[in-house]
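Read top to bottom, the protein sequences are chains A and B.
Here this note's numbering is used: the first residue of the first sequence is 19, the next is one more, and so on.
Here this note's numbering is used: the first residue of the second sequence is 38, the next is one more, and so on.
For every residue, glycine included, the Cβ atom is placed at its ideal position computed from N, Cα and C.
All values derive from a computational prediction rather than experimental measurement.
Structure first, then comments.
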Amino acid sequence: MDVLAATLPGLPSLAIVSTDPDLEIAERFRAGERAAFDQLVRRHQKGVWYLVRRYVKRDADASDVTQQAFVRAFRGLAAFRGAASVRSWLYRIAINCALTWLRDHRREEPTELPEDALVVANPAPERLLGGERGAQLRAAIAQLPPKQKLVLELRVFDDLSFREVAELADCSENTAKVNFHYAVKRLRDILGAADAP
Amino acid sequence: MRRDTDELLAAYVDGVTELAADERRRVEARLGDAPALRSEAEATRALLGELRELPRGGEPDWSALERSIGDAVGTDVPRRWRGWRWLVPGLALATAGAVAVLVLHDPGEMTTPAPDPVIAHEHAKPAPAPDVVPSDLPFWLDGQAVEVESEVLDAIDAELTDDTTADDDALLSTSDLEWIDSLDDADLERAERWLDERPTRKQRKKS
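Shown next, in the form of structure tokens:
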């Protein structure tokens, strides 16, 4: 259990208790409760699917890869040690499955295999905010360096904590925060240059 | 330090509770001192809001996806492999058994049979000369060739090599010549005749 003493601006000091409910579910699964895994699927299938969907082009492929990821998680959950959060562990499996899928389908979709494993092939959602503004945001995200783009997407689109982002991006939590800062700063610079007459 | 603090601005704006207490205090101190940083924080907050407003696009039938996952994984919960718990006791038992076998086993039976002789494919070396001394070997004494029996030669060799097993009685002493007095007339006559008939040095060189 992590206890973070947080002081919000304009608010009195308060203690925020952060727990990982997935750990309790995983423990029940290890104890032999099969239904606990169904609960895990319901909690994370959307997040996994959207994460995978940024790597593959078609919704149907994203569903296949999501299924593969959960099958792997089902086999490995009994040995999960809890060094990372269940969600980041699950997302890591999903990213690996997506990269494997891209490698296996390289000939079908040659442009989808990233040079860097951290590069997301199809990062931005299809329909974007406000048409033109959405297109600007999408173009700006595409110009980010791979690490900054990954950190920004995991944080903004997948709602991961910086600790989970760090686990997935294979860096320290502080590095994830710094990368996030420079990703936002660079996006603002790109968008500011685009807005300039 | 100031740069390190500014690099935490976006994290502060997006997740203040995820900063350590000292990090949070440093960022807030900077925000109080730098109006430009405050406006940057507001711009960051607005941009992150825009990004989160981006629609996610299409989505699958979640119920169908859940069912397909459930069908794929099956109903049996895989058990964690716990064989390692028996690894150490098993190894200890096997080691003890091996030691017991080595201790109780008759070492005579453990000797391996001699390997078959290896046939060397090489030319046979010439046999050494036989260590046999001919009985009529000429012996030189004071520049004179004398006939000495092989037993006497063996005794001389033994003395020269300090071989204590040699028969000392077979050797005529060269320092004590009293043995000459034991010769009878016939022996002396034979010796004188031998000396008269001995080849001279010139004759020996010619031969």
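Contact between the stretch 76–93 of chain A and the stretch 36–44 of chain A is absent, with fewer than three C-beta pairs closer than 8 Å. Cα atoms of Ala101/A and Arg61/B: separation of roughly 26 Å, rounded to the nearest angstrom. Within the model, the alpha-carbon separation for Ala48/B versus Ala129/B is close to 54 Å. Secondary structure of Tyr73/A (DSSP, three-state): coil. The C-alpha of Arg63/B is placed about 12 Å away from the C-alpha of Ala71/B. In summary, the residues of the stretch 52–68 of chain A whose CB is separated from some CB of chain B by less than 8 Å are Arg52, Phe55, Asp56, Val59, Arg60, Gln63, Lys64, Trp67, Tyr68, in the order they occur in the chain. Closest in C-alpha terms to Asp43/B, from the list Asn197/A, Leu209/A, Leu205/A, comes Asn197/A.
The C-beta of Val136/B has fewer than 16 other C-beta atoms within 10 Å across all chains shown, which makes the residue exposed. Nearest in C-alpha terms to Ile208/A, of all of Asp188/A, Lys167/A, Gln161/A, Ala44/A, is Gln161/A.
When Cβ pairs closer than 8 Å are counted between the two stretches, the stretch 102–116 of chain B is seen not to touch the stretch 71–86 of chain B, the count staying below three. Leaving aside the five residues that flank Trp119/A on each side, the residues in its chain whose CB is nearer than 6 Å to its CB run, in chain order, Val83.
In this structure, Ala96/A and Arg39/B do not form a Cβ contact; the two beta carbons are roughly 49 Å apart against a cut-off of 8 Å. Cβ neighbours of Leu74/B within its own chain (closer than 8 Å, five residues either side excluded): Asp43, Leu46, Arg67, Leu68. Closest option to Asp41/B, judged by alpha-carbon separation, among Leu205/A, Gly94/A, Ala201/A, Lys195/A: Lys195/A. Take Phe47/A, set aside five residues on each side of it, and the residues of its chain with a beta-carbon closer than 8 Å to its own are Ala54, Phe55, Leu58, Leu95, Ala96, in chain order. DSSP, read as helix, strand or coil, puts Glu51/A in coil. Taking 8 Å as the upper bound for CB-CB distance, Tyr109/A and Val66/A are in contact here, some 7 Å apart. Taking a Cβ-Cβ cut-off of 8 Å, Gly134/B has no neighbours in chain A, whose nearest Cβ is about 32 Å from it. For Arg76/A and Ala112/A, the gap between their C-alpha atoms comes out near 16 Å. Residue environment: Ser179/A is assigned as buried (16 or more neighbouring CB atoms within 10 Å of its CB, all protein chains considered).
Put simply, the CB of Ser76/B is far from chain A, with every gap to its CB atoms at 8 Å or more. Counting C-beta atoms within 10 angstroms of its own C-beta, Gln86/A has 16 or more neighbours from the protein chains shown and is therefore classed as buried. Between Asp122/A and the set Gly152/A, Asp188/A, Ala49/A, Val74/A, the nearest pair of CA atoms involves Val74/A. In the DSSP assignment, Leu172/A falls within the alpha helix (DSSP H) that extends over 164–174.
Inter-residue distance for Cys189/A and Ala101/B is about 36 Å (C-alpha atoms, whole angstroms). Put simply, the CB of Arg39/B is far from chain A, with every gap to its CB atoms at 8 Å or more. The three-state secondary structure of Glu44/B, taken from DSSP, is coil.
Residues Leu45, Ala48, Tyr49, Val64 of the same chain have their beta carbon placed closer than 8 Å to that of Leu56/B, with the five preceding and five following residues left out of the count. When the alpha-carbon of Val89/A is set against those of Leu205/A, Ser103/A, Asn114/A, the nearest one is in Asn114/A.
Here Phe98/A carries a coil assignment [DSSP, helix/strand/coil]. Secondary structure at Pro115/B: coil, using DSSP grouped into helix, strand and coil. Comparing C-alpha distances from Arg61/A to each of Ala49/A, Ala78/A, Leu41/A shows the shortest one belongs to Leu41/A. Within 8 Å of the CB of Ala80/B, the CB atoms of chain A belong to Arg206, in sequence order along the chain. Per DSSP, the continuous alpha helix (DSSP H) segment holding Thr132/B begins and ends at 124–141. The criterion of a C-beta distance shorter than 8 Å is satisfied by Ala201/A and Gln166/A.
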